[in-house]
Every structure is written in structure tokens, then in C-alpha cells.
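Notes for the one structure printed next.
2 protein chains.
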Amino acid sequence: MRPHGDSMRQAIELMFFAYRDFTGEADAILTAYGFGRAHHRALYFVGRNPGVAVNELLAILKITKQSLARVLGQLIEEGYIHQESDSDDRRRRLLSLTDKGRRLEVLLTERQSRRIQRAFDAAGNGADAGFMRVLEAMIDDRGAVRLSGED
Amino acid sequence: MRPHGDSMRQAIELMFFAYRDFTGEADAILTAYGFGRAHHRALYFVGRNPGVAVNELLAILKITKQSLARVLGQLIEEGYIHQESDSDDRRRRLLSLTDKGRRLEVLLTERQSRRIQRAFDAAGNGADAGFMRVLEAMIDDRGAVRLSGED
DNA sequence: GCATATGTGTCAATATCGCTGACATAAAAT
DNA sequence: ATTTTATGTCAGCGATATTGACACATATGC
Chain A
1 MRPHGDSMRQ
11 AIELMFFAYR
21 DFTGEADAIL
31 TAYGFGRAHH
41 RALYFVGRNP
51 GVAVNELLAI
61 LKITKQSLAR
71 VLGQLIEEGY
81 IHQESDSDDR
91 RRRLLSLTDK
101 GRRLEVLLTE
111 RQSRRIQRAF
121 DAAGNGADAG
131 FMRVLEAMID
141 DRGAVRLSGE
151 D
Chain B
152 MRPHGDSMRQ
162 AIELMFFAYR
172 DFTGEADAIL
182 TAYGFGRAHH
192 RALYFVGRNP
202 GVAVNELLAI
212 LKITKQSLAR
222 VLGQLIEEGY
232 IHQESDSDDR
242 RRRLLSLTDK
252 GRRLEVLLTE
262 RQSRRIQRAF
272 DAAGNGADAG
282 FMRVLEAMID
292 DRGAVRLSGE
302 D
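So the protein lines, in turn, are chains A and B.
Numbered according to my numbering, the first sequence terminates at residue 151, and the numbering increases by one at each position without gaps.
Numbered according to my numbering, the second sequence terminates at residue 302, and the numbering increases by one at each position without gaps.
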């Protein structure tokens, strides 16, 4: 009889299974393109923050530049991401999606959006707001990463 | 002006950041033990389903037996998981946690439980129920995997 | 101008975790 | 007796991450 710990374990398991299925559809598409989840993340955050510098992307993703360099290099070479020098600071490489990159990004994001929307609909009134608030509260140092869409 | 797609993108990002931080603490502990996230999952589900067979664990985790064999072998050899033959079907190896395994499992689960509990508290009334319902609805073929705690 | 700091790229080695394919063994089911 | 099932194991591969070291261009501070 540990209803408290039990509901925590339920939540832990839901996080595991939900995240796996949340990423599963996109993962399958990516495989067909010869990409992995890391490419998706780069694609997503470049799309979300056009003109983002490599440094900023590193801060968002919290991976090493060597790890990012691999996927970014592939995405640039295959024409999904475009880079240009910052005119103010020519060391900085500003990243943005090409049309090709945008199309793939939309394809992937659509699947995930639809899954979330379906879950919101199925979960009933107000569940979406609770979902967002709990996830928000679960994140470390909120406010550390500022995305273009927020403020 | 795409409030709809924007809130979906917000949700996508929350899933990414929240899951990363949700697993982060446990990952750090595991590193100190020379283990990874895969060991955690095995440890967790064996703890949750004492006497589970390898086959059943594979069905829950949805990985190949070769992948599971690696982590399971380490956990058994280092005394975190105990195995014994099923007396009814002696091909089956029933898995359970040793005391040592239980201690590590509790250590890891405690961190995650606390993080979730904190998030529930911070998110306010009813948010926890909405959170659970949305995650539940996000999972593929609910009911496919029966855990001991459910019914 | 010179020294230092910053942004980026790259080479090399390593670890984790997933995969496929192939094969072996034991025991249960028919 | 044959087939199916549960498990284990060997070998190799690919994606993603890591640390450490170094190179280069450019910006900034003195």
C-alpha cells in the first residue's frame, strides 16, 4: 500500500513510453533519409531560430561542438541547412533552413504535432494546460535558454 | 499568427527539455556506477516486475535480445540482478533484484519521483491528472504491455 | 600593434546503445 | 521424433555522445 510512490512510478513509466512513441514516428522517417534523431534536433532548432549561430545552437542542445559538427556538416552538405557569415562578427556562422530543409522539418514536426493534438483531444478538457505546466516545472533552470518564440 | 502550430511547437520543445532533465540526474548517478540509461531501464522494470522472464522484459523494452543481453549480463555479473530457473519451464530465466540492485534502483527512482512530485506541486491543482492523461493518450497501442502494477 | 579571448572547425580515440545475422543449446509442445 | 520456444552468444556495424588537443580567423582590450 504505497499509493504515493505508486503514482510516481506510473508517471515515470508514462514518461518513458510516451517519449519513446513521441519520437518513434519521426525516427522512422529520419532513417529513410539516412538521418538520426540528432539531425532532427538540429533541423528543428535551426528552423525555430533562423539565423542562429553555432554557439547558440550548442547552448540549446547541450552537446559538444564535435557532436554537433558531424550532424550539421551532413545537413549542410546535403542542402538542408544554409550557413552564412554574420556581417557584424565574421567569425560567426549563421544557420537557417533551405527550402529542402524546411520541407523535411515540417514533415517531421507535423507528425509530432498531430500526435500531441490527438493526445490533447483524447485527454479531455484542461488536460493540455496541466500537461504543459507540469513539463515546464520539470525543466532545470527555466529561463536559461531563450528561444525566439518565447519572451 | 499561427497560435495552433505554435502551441504544438511549445509542447514539442517541452517534451524534449523535460525528458532530458528528467533523465539527467539518474544518468549522472549511473555514470558513477559505470552504467548507462539502458541499465537503468532493465533495473527499473525488473524491480517493478519481480520474477519477470527475459522474453517479457524484451517485450516491455522493445529492444533486441542482443542489446538486452549486454546490460543484463553486466547487471547480473556485478550482483544487481539475480536470476533463477522457472520450475515450471526450465528454459525461462526469472529475473529479480538483489538487495544491492534494489538499493540502486531506489536511489535512481527517488530522484525521478522527487522531480515529478516537485513539478506536480509547482504546476498546481489538477495539473498532475492532466499530465498523466495526455501522456497516456500519447502512447501507441495502450494495453499492449501489461505491467504487474496495472490492470 | 600586440596579446588575449572567442567562434568555429577538425583529428583522434573512446563509450553506450541500438541494430542485423548466424548459430548453439535446452527444454517444451506436438 | 520433430518442431517450436526461450535463451545465450559471437561477430560486426552504425549512430550518438564523450574528452582532449590543436588550428585558424576574427574581435576586443590595452
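Beta carbons are placed, not taken as given, at the ideal position from N, Cα and C, and that holds for glycine.
Completely contained alpha helix (DSSP H) runs for the region 175-261 of chain B, where each covers 4 or more residues: Annotation: the region 175-261 of chain B contains the following complete segments of the alpha helix (DSSP H) (minimum length 4 residues), in chain order: 188-199, 205-212, 216-228.
Please go through the same chain and pick out, in chain order, the residues whose beta-carbon is closer than 8 Å to the beta-carbon of A/Ala53, but skip the five residues on each side of it. Contacts found: Asp86, Arg92, Arg93, Leu94, Leu95.
Would you call B/Asp291 buried or exposed, if buried means 16 or more other Cβ atoms sit within 10 Å of its Cβ? With fewer than 16 other Cβ atoms within 10 Å, it is exposed.
Since A/Arg48 meets chain B, which of its residues come closer than 9 Å, beta carbon to beta carbon? Proximity of chain B to A/Arg48 at the Cβ level (cut-off 9 Å) is accounted for by Arg160, Glu164, in chain order.
Using only CA atoms, which one of B/Ala210, B/Leu212, B/Gly202 lies nearest to B/Gly235? It is worth fixing the name first, because residue 235 of chain B is Glu in this sequence and not Gly. Closest option to B/Glu235, Cα to Cα, is B/Gly202.
Under three-state DSSP, which class holds A/Asp141? In the structure shown, A/Asp141 adopts coil according to DSSP, grouped into three states.
Whole-angstrom distance between B/Arg221 and B/Arg262, CA atom to CA atom: Going from the Cα of B/Arg262 to the Cα of B/Arg221 covers about 25 Å.
What is the DSSP secondary structure of B/Gly275, counted as helix, strand or coil? Of the three classes helix, strand and coil, the one that applies to B/Gly275 here is coil, per DSSP.
Closer than 8 Å to chain A by CB, B/Ile214: Not an interface residue.
Using the C-alpha atoms, what's the distance from B/Tyr195 back to A/Ala38? It is roughly 26 Å from the alpha-carbon of A/Ala38 to the alpha-carbon of B/Tyr195.
For A/Ala42, which residues in the same chain have their Cβ closer than 8 Å to its Cβ, ignoring the five residues on either side in sequence? When the five nearest sequence neighbours on each side are left out, the beta carbons in the same chain lying within less than 8 Å of the beta carbon of A/Ala42 are those of Leu57, Leu61, Leu68, Val71, Leu72, Leu75, Ile81, in order along the chain.
I want to verify the contact list: residues of chain A whose CB lies under 8 Å from the CB of B/Asp291, in sequence order. Under the 8 Å cutoff, chain A gives Asp21, Gly24.
Check this for me: beta carbons of B/Leu286 and A/Met15, under 8 Å apart or not? Closer than 8 Å, so yes.
So which of A/Glu78, A/Asn49, A/Arg133 has the shortest CA-CA distance to B/Ile267? Looking at the Cα atoms, A/Arg133 is the closest of the given residues.
Which residues in the same chain as B/Thr134 place their Cβ atom closer than 8 Å to its Cβ, once the five residues preceding and following it in sequence are excluded? Here chain B covers residues 152 to 302 and nothing more, so residue 134 of chain B does not appear.
At a Cβ threshold of 8 Å, is A/Arg133 touching chain B? Chain B contact via Cβ: present.
For chain A, find out if any of its Cβ atoms is closer than 8 Å to the Cβ of B/Asp302; answer yes or no. Residue placement at B/Asp302 is poorly supported in this model, since its pLDDT is 34, which falls under 50; the coordinates still yield a value, given next. Chain A contact via Cβ: absent.
Between the C-alpha atoms of A/Gln66 and A/Ala59, what's the straight-line distance to the nearest angstrom? A/Gln66 and A/Ala59: Cα-Cα distance of roughly 13 Å.
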